[in-house]
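The sequence shown maps to residues 87 to 196 in the numbering used here. Glycine residues also receive a C-beta, built at the ideal position from the N, C-alpha and C atoms. From a predicted model like this one, the values you see are computed outputs, not experimental measurements. Quick notes on the structure that follows.
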Amino acid sequence: MQAFLARSTGDALREVHYFDLRQSMRNGGGPACLRLRVVLTDAELAAIGNRGLVDETRIDALEAIVRRHYRDRLAPADLADPALLDESRAALDAIGQVLNLGPVHDFQRI
């Protein structure tokens with residue numbers, strides 16, 4: 087499997103870098119560990135607004151959510167702990183608030 091990074095100026099590509107991802111994929115990495123970069127026009131960016139876009143302030147807030155809501159260890163027995171579901175939902179709510187996503191999950195609509 088390969089991925090590439092393309093850099094552009096306007097509509098023209100300036101350079102492309104290809105990366106061999108076989109070792110990463112074999113070691114537990116996957117599509118979620120890759121970063122997607124999408125170049126937007128000013129009109130597309132305006133249509134999105136600030137929902138879901140990440141800056142230093144939001145990164146700090148997301149890191150604080152991880153420290154506050156996520157356990158530093160998770161053992162198989164923890165999966166039977168009803169509090170884990172509540173903790174996970176609280177984390178998802180907090181993440182949604184930071185990213186201004188609104189109710190995304192079913193439990194948020196109840």
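Straight-line Cα distance separating residue j from residue i
| i | j | result |
| --- | --- | --- |
| residue 181 | residue 149 | 10 Å |
| residue 168 | residue 175 | 11 Å |
| residue 189 | residue 183 | 9 Å |
| residue 130 | residue 187 | 18 Å |
| residue 154 | residue 173 | 10 Å |
| residue 185 | residue 164 | 28 Å |
| residue 125 | residue 104 | 18 Å |
| residue 137 | residue 144 | 11 Å |
| residue 193 | residue 106 | 40 Å |
| residue 195 | residue 151 | 21 Å |
| residue 159 | residue 132 | 40 Å |
| residue 141 | residue 135 | 13 Å |
| residue 166 | residue 139 | 35 Å |
Rounded distance between the beta-carbons of residue j and residue i, thought under 8 Å
| i | j | result |
| --- | --- | --- |
| residue 191 | residue 178 | 6 Å |
Chain-order list of residues whose beta-carbon lies under 8 Å from that of residue i (same chain, five-residue window excluded)
| i | result |
| --- | --- |
| residue 127 | none |
Heavy atom of the ligand COA within 8 Å of residue i beta-carbon
| i | result |
| --- | --- |
| residue 103 | Questions concerning the ligand COA fall outside what the structure shown contains, since it holds no ligand whatsoever. |
Beta-carbon proximity list for residue i, same chain, < 7 Å, skipping 5 on both sides
| i | result |
| --- | --- |
| residue 156 | 177 |
### Query
Counting only runs that start and end within the region 150-180, where is the beta strand (DSSP E) found for 3 or more residues in a row?
none
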